[in-house]
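All residue numbers for the sequence shown refer to full-length UniProt numbering, where the first residue is 1 and numbers rise by one. Where a beta carbon is used, it is the ideal one built from N, C-alpha and C, also for glycine.
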Amino acid sequence: MTLSSMTGFGRVEGHHGTVAWVYEVRSVNGRSLDLKTRVPSGYDYVERAARDLVKQRFQRGQVSLNLSLQTTEVQTGYSINHAVLNQYLEVGQGLMQAGQATMPSLDGLLSLRGVIEAASAETSTDVAALEAPLLADLGAVLEHLKTARQDEGRALFEVLRQHLSAMTDAVDRAEALAAQQTEVIRERFTRRLNELLPDADLQERILQEAAVMAVKADVREELDRLRTHITSAHTLLSDSQSQGRKLDFLSQEFMREANTLCSKAAFSDLTKVGLELKSVIDQFREQVQNVE
């Protein structure tokens, strides 16, 4: 089984030097393959690489990729800002000469704003040095997305197979009921004519008209085509290629035949089965929208 869904999510965290990053990628169903990216300025190579890698891994779906980066500083201790300290001392000396202040204590000087600064190590990471690890994690997050889509595809495969099984059951029941169509039509036609013309001998005409109506109400071709479409759908589900569009087309063909079956049904039991079949086809088509 190689069925893949178009919905999934992936996340990868990484770091290099003083830079940490997070990749998040998600995809939803779409008629074609479309990529939207959000990357920081100066990292356009990530977007270019993403477009190539996405095309290599996926065939359909709307894919959204987000890259966020954060720089972390490494503090190595504290230092004195002598320029700020000298400014405070000049002001203090002026006040002391004017007799408006006394010599400040060391604790007092060091507690003044801006005198003590946290010293950071000179370890800023070069943007060029980030390219290799960023691209490696880009490939990793897209692989996570691919795995998620395949995991959901396995669950989707089982759901679609159950729907096809339900369709087969409905077609079997419809086929058994369809054999009664001719007799139901003949009895109904005879009853109506007898009500309108109770004294007329119309047996031969009734049989002729009933035969014509039975031919028009024959649903064997619709049932045969439904069986053929069901077989084709099973084949597509196990195909190694992207088959979402073909399965969607088949679901439309399913509904076309089911509608004709209901319109030709001459009695309520067959109509009921036809409506059940249409309900299953609706569920099948809804799930098929997620198939790649």
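Quiz item: Alpha carbon to alpha carbon, how far is R161 from T228?
Solution: If you draw a straight line from the Cα of R161 to the Cα of T228, it is about 15 Å long.
Quiz prompt | Length of the line joining the Cα atoms of H16 and G114 | solution = Approximately 31 Å, taken between the alpha carbons.
Quiz item: Between V171 and the rest of its own chain, which residues show a CB-CB distance below 8 Å, the 5 nearest in sequence each way excluded?
Solution: For V171, where only same-chain residues beyond five positions count, the Cβ hits under 8 Å are L223, L226, R227, I230, L277.
Quiz item: From F58, V63, L270, I185, pick the residue whose C-alpha is nearest to that of R173; which is it?
Solution: The residue with the shortest Cα to Cα distance from R173 is L270.
Quiz item: So what's G42 in DSSP terms, helix, strand or just coil?
Solution: Reduced to three states, the DSSP call for G42 is coil.
Quiz item: Among all the DSSP beta bridges, which residues are the ones paired with Y23?
Solution: DSSP, once it has assigned bridges, lists V12, L67 as partnering Y23.
Practice problem: Starting from the C-beta of D248, find all residues in its chain whose C-beta is less than 6 Å away, skip the five residues before and the five after it, and write them out in chain order. | Solution: V288.
Quiz item: From this set, G14, L53, R48, which residue's C-alpha is nearest L69's C-alpha?
Solution: Looking only at G14, L53, R48, the smallest Cα-Cα distance to L69 is reached by G14.
Practice problem: With distances taken Cα to Cα, identify the nearest neighbour of G108 among L85, E175, L236, D282. | Solution: Nearest C-alpha to G108: L85.
Quiz item: Taking the DSSP output, what are the residues bridged to I116?
Solution: Partner(s): I80.
Practice problem: Return the chain-ordered list of same chain residues with a C-beta closer than 7 Å to the C-beta of A266, the five sequence neighbours on each side being excluded. | Solution: Non-local C-beta neighbours of A266 in its own chain, meaning closer than 7 Å and more than five positions away in sequence, comprise Q181, V184, I185, A217, ordered along the chain.
Exercise. Specify whether the stretch 20 to 40 and the stretch 92 to 104 touch according to this definition: at least 3 beta carbon pairs, one from each stretch, less than 8 Å apart.
Key: Three or more Cβ pairs closer than 8 Å define a contact, and the stretch 20 to 40 falls short of that threshold against the stretch 92 to 104.
Practice problem: Please determine, among V54, V127, N66, the residue with the shortest C-alpha to C-alpha distance to V19. | Solution: Minimum Cα distance to V19 is reached at V127.
Quiz item: What first and last residue would you give for the alpha helix (DSSP H) that runs through S251?
Solution: Segment 244 to 264, the alpha helix (DSSP H) holding S251.
Practice problem: Identify, in the order they occur along the chain, each residue of the same chain with its Cβ nearer than 6 Å to the Cβ of L261, setting aside the five sequence neighbours on each side. | Solution: Correct list, in chain order: V219, E222, G274.
Quiz item: For the candidate residues E47, L112, A148, S165, whose alpha-carbon lies nearest to that of L135?
Solution: When only C-alpha atoms are compared, the closest one is E47.
Exercise. Would you please state the rounded distance, in angstroms, between the beta carbons of S5 and V291? I believe it to be under 8 Å.
Key: About 7 Å separates the CB atoms of S5 and V291; that is less than 8 Å, so the two are in contact.
Quiz item: If L156 and L3 are in contact, beta carbons under 8 Å, what's the gap, nearest whole angstrom?
Solution: So it is a contact: roughly 6 Å between Cβ atoms.
Quiz item: Looking at C-alpha atoms only, which residue of T7, Y23, D151, M167 is the closest neighbour of Q283?
Solution: Restricting attention to T7, Y23, D151, M167, the CA atom closest to the CA of Q283 is found in M167.
Quiz item: Is it true that the CB of L145 sits closer than 7 Å to the CB of K10?
Solution: Per the sequence shown, residue 10 should be read as Gly rather than Lys. Closer than 7 Å, so yes.
Quiz item: Distance, Cα to Cα, L89 vs A98?
Solution: Approximately 14 Å, taken between the alpha carbons.
Exercise. Would you check if the distance between the CB atom of L138 and the CB atom of A49 is smaller than 7 Å?
Key: Taking a C-beta distance under 7 Å as the contact criterion, L138 and A49 qualify as a contact pair.
Quiz item: What is the DSSP secondary structure of S232, reduced to helix, strand or coil?
Solution: The three-state reading of DSSP puts S232 in helix, counting H, G and I together.
Quiz prompt | Alpha-carbon to alpha-carbon, A258 and L236 | solution = When only Cα atoms are considered, L236 and A258 end up about 21 Å apart.
Quiz item: From which residue to which residue does the alpha helix (DSSP H) around G99 run?
Solution: Counted as a single uninterrupted DSSP element, the stretch harbouring G99 is not any alpha helix (DSSP H), since DSSP gives it neither H nor E.
Practice problem: Can you tell me which of the three DSSP states L226 falls into? | Solution: The answer is helix: DSSP assigns L226 an H, G or I state.
Quiz item: Since V28 sits in a beta bridge, which residues does DSSP pair it with?
Solution: Beta-bridge analysis with DSSP links V28 to Q62.
Quiz item: Span of the alpha helix (DSSP H) holding Q283?
Solution: First-last of the alpha helix (DSSP H) with Q283: 268 to 288.
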